[in-house]
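Colleague:
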Amino acid sequence: MKRLATIALAGLSAAALLSFTPPDDKKPKKIKYIDPANMDLSVKPGQNFYRYANGAWLKKNPVPASKTRWGSFDELREESSRRLRTLLEDAAKRSSEPAMQKVGDFYASGMDTAYIQQQRANPIRADLQRIDALTSPADFLNELAWERTQGMGGALFGFSVSQDRKKVDQYIPNISQGGISLPDRDYYLKNDARSTTVRNAFRQHVMRMFVLTGIGAREADRMADAVLRIETALAKSQMARVEMRDPYKTYNKYAVKDLTTLTPGIDWNQMLGKLKMTGVDSLIVSNPNFLRTVDILLTALPLEDWKTYLKWNVLNSTATYLSKDFEQESFSMRSVLTGQKEMTPRWQFISGVVDSQLGDQLGQMYVSRYFKPEAKQRMLDLVNNLQETFSNRIKGLTWMSEETKVRALEKLNAFTKKIAYPDKWKDYSSITISRTDLLGNVRRAAQWRYNEMIARFGRPVDRTEWGMTPPTINAYYSPVNNEIAFPAGILQFPFFDFGADDAVNYGGIGAVIGHEITHGFDDSGRQYAASGNLSDWWTKADADLFKQRADQVVAQYNGFTVLDTLHVNGRLTLGENLADLGGLNIAYEAFTKTKQFRDGKKINGFTPQQRFFLSWAQVWRSNSTDEALAQQILTDPHSPGEHRANGPIVNMDAWYAAFNVQPSDPMYKAPDARIRIW
Ligand SMILES: [Zn+2]
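Numbering-wise (the numbering used here), the sequence shown opens with residue 214 and increments by one.
Here's what the structure looks like:
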């Protein structure tokens, strides 16, 4: 994630696009907002509400071979990425205007597979040779820094320039832990069957990748060992994801010279210079122990191993842009990790690449073609409505003192709201895009973003920036900006639709808005003040009462078993689960003020209250491969869909009333056991 501290609605990162009724869809589809044909009426609501609401849909919609999961988010992504394809194919015709031509040429460079095939490993030859020629640890560090400035990705550790959490009107450089290829440190450190399978497959994969560059099998085998040795050592010194959620633990400010004292083998003054940063006096280190380990390893391990490690990073970050054999080898590892059976179609992969590299240009084209501006106002009304409801709920809290309430309301009222797309777009005109150089295009775009990032340093903070592109089907809260953002992509069914009844919209986008607002008050977000600064505004007693309640949520989600022995990690997912619980409560209360709620008329046999909860549950319907689910449990702060659907409702009296859930039902919780926070 490019911003350090944004909290997304969902952990699915692939890009895709939005819209309401697009001009190139012949007829608007007649949507059945709550469709009994998707439900399983043989399951009682109080038995498993998620299955009751989605059972038939789940049976009818297995994970497609080229996906790792399939649910409401993925359906939207699929449809949107088809529209994106149309847009890109149009732009790729040589008649378009310059800005459009740029995304068109980028797309064309990715689709010219005959040329890519013919090039084989040529696009990275120079990189591998340059690394071969390094003769000292200092050379190695210089190469590391230089690659970063060239948009070649970041080996060994993370580097960014972002807002200082304790002084949010200033930017500061950040060094974070990193350096491993697998999605979590556990893959290197644990000896259960899943971890060992992945680790062994990884070792083989690294070896085969080196073989593809023309290296002999024995030598490649030795190189794979070196990579695994370095990455395992780095993994050992990484903090666990749960620890990384603590904004104080990961805030370690160092004067540049003191950081050099911490890691004598790395002269940070020099390193920052190589990273093209000037005038830096201090920086934030997320995990000092990790950097100490890097420093020790730099001298303890032979230079030859470090060169191998760097070459591996080049290979690993570029394989999907090279010829078929590299692409296939990269996919084989992905397949082990996620259970994906077939490769993502080329057009879809390249569309995603263009969106992630030139997102503002593509987003601009997309919005002008597919987005209905009226939706922006309607959305703003909804957000304001939810914010007001939350405000009243804070005033009515029985567990919080008046003193803390004043601060909470101050924070809530200071929220910045971003809807659909940015007011100003990034200008990519200085990036050279070639019609035949896919990897070069990716690197030049990444280099442009790197330069944009470091140019921030010393300048006033730009609060108009977005952390997601407009087509993204997701939403986020940024604690340092105290802002919520809803890209155009999420403003469509099943989250939101102009034609839907309020129950459907409040159970969908209403709960999403509530979720993002509540992030400002979850276990992490609550530690940031109205200004965005990390600073404690709670009385000790109120903070303790909050923690007691949050611990109940941890225990509730720890109790969800997902796959054989794997259960949800209640600590890792706490922020998201708190946001779901708060968000759904706020959305429900806002819904009670609507005419539909007051009138109480049934639609297709369901009361407004029932439709609200059914809408919520259908947002989270999703099938996953076992591998993707196992990885999600380990790495994703979001609980799996079934538990996002079922987790909050058992704490809401309104759900029991809506479906007449009784003590004999498996999901039943006694009223005094229901968790009430926001
Ligand atoms: Zn979230």
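Built from N, CA and C at the ideal position, the CB exists for glycine as well.
(1) Please tell me whether, using a cut-off of 6 Å, the distance from the CB of Ala800 to the nearest non-hydrogen atom of ligand 1 is below it.
(2) State the start and end residues of the unbroken alpha helix (DSSP H) segment that holds Lys753.
(3) Comparing C-alpha positions only, which one of Val775, Leu827, Lys815 and Arg662 sits nearest to Gly366?
(4) Going by the C-beta, is Leu222 closer than 6 Å to any heavy atom of ligand 1?
(5) Taking DSSP as the reference, what is the three-state secondary structure of Phe804?
(6) Run through the segment 428-498 for me and flag every whole alpha helix (DSSP H) of 4 or more residues, listed as ranges in chain order.
(7) Excluding sequence positions up to five away, which residues of its chain have a Cβ less than 6 Å from the Cβ of Asp397?
(8) Taking the alpha carbon of Ala668 as the reference point, which residue from Asp287, Arg648, Leu395 and Thr491 has its own alpha carbon closest?
(9) Which one of Lys631, Asp650, Leu271 and Arg378 has the shortest CA to CA distance from Glu855?
(10) So within the segment 770-850, which uninterrupted beta strand (DSSP E) runs reach at least 3 residues, ignoring any that extend past its ends?
(11) Using C-beta distances below 8 Å, list every residue in its chain close to Asp494, excluding the 5 sequence neighbours before and after it, in chain order.
(12) Classify Gly723 as buried or exposed, calling it buried when 16 or more other Cβ atoms lie within 10 Å of its own Cβ.
(13) Since Phe372 sits in a beta bridge, which residues does DSSP pair it with?
(14) Consult DSSP for Pro673 and reduce its assignment to one of helix, strand or coil.
(15) Please confirm whether any heavy atom of ligand 1 lies closer than 6 Å to the CB of Thr763.
(16) If you run the structure through DSSP and keep just helix, strand and coil, what is Ile697?
(17) Count the other CB atoms within 10 Å of the CB of Glu926; is the residue buried (16 or more) or exposed (fewer)?
(18) Can you name, in chain order, every residue of its own chain whose Cβ lies under 6 Å from the Cβ of Tyr741, other than the five neighbours on each side?
(19) Helix, strand or coil, according to DSSP, for Ala346 in the structure here?
(20) How many Å lie between Gly429 and Gly680 at the Cα?
(21) Look up Tyr689 in the DSSP assignment and say whether it is helix, strand or coil.
(22) Have a look at Thr445, Ala439 and Phe372 and flag the residue whose alpha-carbon is nearest the alpha-carbon of Lys403.
(23) How about Val256 and Tyr246: do their beta carbons lie closer than 7 Å?
(24) If contact is defined by three or more beta carbon pairs under 8 Å, each pair taking one atom from either stretch, is the segment 289-309 in contact with the segment 498-507?
(25) State the CB to CB distance for the pair Met422 and Ala339, rounded to an integer number of angstroms; the pair is presumed to be in contact (CB under 8 Å).
(26) State yes or no: is the C-beta of Gly364 within less than 7 Å of the C-beta of Ala659?
(27) Nearest to Asp318 by CA position, among Lys520, Asn598, Thr645 and Ile329, is which residue?
(28) From this set, Leu599, Gln417 and Gly738, which residue's C-alpha is nearest Arg378's C-alpha?
(29) Along the beta strand (DSSP E) that carries Trp519, what are the first and last residues, could you check?
(30) From Gln769, Tyr461 and Gln417, pick the residue whose C-alpha is nearest to that of Tyr881; which is it?
(31) Taking 6 Å as the cut-off, is the C-beta of Glu696 nearer than that to any heavy atom in ligand 1?
(32) Once DSSP output is grouped into helix, strand and coil, what is the label at Ala221?
(33) Specify whether the segment 712-727 and the segment 789-797 touch according to this definition: at least 3 beta carbon pairs, one from each stretch, less than 8 Å apart.
(34) Taking the straight line between their C-alpha atoms, what separation do you get for Thr786 and Val767?
(35) Please classify Leu254: is it buried, with 16 or more other beta-carbons within 10 angstroms of its beta-carbon, or exposed?
(36) Report the residue from Thr474, Arg889, Met324 and Asn267 whose alpha carbon sits nearest the alpha carbon of Lys537.
Modeller: The short version:
(1) As a working mapping, residue 800 is identified with position 587 in the sequence shown. For ligand 1, not one heavy atom lies less than 6 Å from the Cβ of Ala800.
(2) Taking the sequence shown and counting its residues from 1, the one referred to as residue 753 is at position 540. Looking at the DSSP string, the run of the alpha helix (DSSP H) that includes Lys753 is Lys753 to Asn771.
(3) Mapped onto the sequence shown, residue 366 falls at position 153. For the residues Val775, Leu827, Lys815 and Arg662, the minimum Cα distance to Gly366 belongs to Arg662.
(4) As a working mapping, residue 222 is identified with position 9 in the sequence shown. Checking the Cβ of Leu222 against ligand 1 gives yes.
(5) As a first step, residue 804 is located in the sequence shown; it is residue number 591 there, counting from the start. Three-state DSSP puts Phe804 in a helix.
(6) 430-450, 454-457, 469-475 and 481-487
(7) Taking the sequence shown and counting its residues from 1, the one referred to as residue 397 is at position 184. Taken in chain order, the residues that qualify are Leu847 and Thr848.
(8) For the purposes of this step, residue 668 is taken as residue 455 along the sequence shown, with counting starting at 1. For Ala668, the nearest C-alpha among the options comes from Thr491.
(9) Within the sequence shown, the letter at position 642 stands for residue 855. Looking at the Cα atoms, Leu271 is the closest of the given residues.
(10) 774-776 and 835-837
(11) Indexing the sequence shown from 1 puts residue 494 at position 281. Closer than 8 Å at the Cβ level, and outside the excluded window around Asp494, lie Ala468 and Val469.
(12) Position 510 of the sequence shown holds residue 723. With 16 or more other Cβ atoms within 10 Å, it is buried.
(13) Looking up residue 372 in the sequence shown gives position 159. DSSP output for Phe372 lists Ile388 as bridge partner(s).
(14) As a working mapping, residue 673 is identified with position 460 in the sequence shown. It is coil, neither helix nor strand.
(15) Here residue 763 is taken as the residue at index 550 of the sequence shown, counted from 1. Note that residue 763 is Ala in the sequence shown here, rather than Thr. Checking every heavy atom of ligand 1 against the Cβ of Ala763, none is found closer than 6 Å.
(16) Here the question's residue 697 lines up with position 484 in the sequence shown. Reduced to three states, the DSSP call for Ile697 is strand.
(17) The first residue shown for the chain is 214 and the last is 891, placing residue 926 beyond what the model contains.
(18) Mapped onto the sequence shown, residue 741 falls at position 528. Only Pro692 and Leu747 meet the Cβ criterion.
(19) As a first step, residue 346 must be located in the sequence shown, where it is residue number 133. Coil, per DSSP.
(20) If you number the sequence shown from 1, residue 429 lands on position 216. If you number the sequence shown from 1, residue 680 lands on position 467. Looking at the two C-alpha atoms, the distance is approximately 44 Å.
(21) As a working mapping, residue 689 is identified with position 476 in the sequence shown. Three-state result, Tyr689: strand.
(22) For the purposes of this step, residue 403 is taken as residue 190 along the sequence shown, with counting starting at 1. Nearest option by C-alpha distance: Thr445.
(23) In the sequence shown, residue 256 corresponds to position 43, counting from 1. In the sequence shown, residue 246 corresponds to position 33, counting from 1. No, they are not a contact pair.
(24) no
(25) Looking up residue 422 in the sequence shown gives position 209. Looking up residue 339 in the sequence shown gives position 126. Not really, about 18 Å apart at Cβ, beyond 8 Å.
(26) Against the sequence shown, residue 364 aligns to sequence position 151. Against the sequence shown, residue 659 aligns to sequence position 446. Yes, the Cβ-Cβ distance between Gly364 and Ala659 is below 7 Å.
(27) Taking the sequence shown and counting its residues from 1, one reaches residue 318 at position 105. Asp318 has its Cα closest to that of Thr645, out of Lys520, Asn598, Thr645 and Ile329.
(28) Stepping through the sequence shown from its first residue, residue 378 is reached at position 165. Minimum Cα distance to Arg378 is reached at Gly738.
(29) Reading the sequence shown from its first residue, position 306 is the one you call residue 519. It is not in any beta strand (DSSP E) - Trp519 instead sits in the alpha helix (DSSP H) that spans Leu516 to Thr531.
(30) By 1-based counting over the sequence shown, the position of residue 881 is 668. Of Gln769, Tyr461 and Gln417, the residue nearest in Cα terms is Gln769.
(31) Start at 1 with the first residue of the sequence shown, and residue 696 comes out as number 483. Glu696 Cβ: outside cutoff for every heavy atom of ligand 1.
(32) Your numbering for residue 221 matches position 8 in the sequence shown. Strand, per DSSP.
(33) yes
(34) As a working note, residue 786 is residue 573 in the sequence shown. As a working note, residue 767 is residue 554 in the sequence shown. Their Cα atoms are separated by approximately 8 Å.
(35) Taking the first residue of the sequence shown as 1, we reach residue 254 at position 41. That one is exposed.
(36) For the purposes of this step, residue 537 is taken as residue 324 along the sequence shown, with counting starting at 1. Considering only alpha carbons, the answer is Met324.
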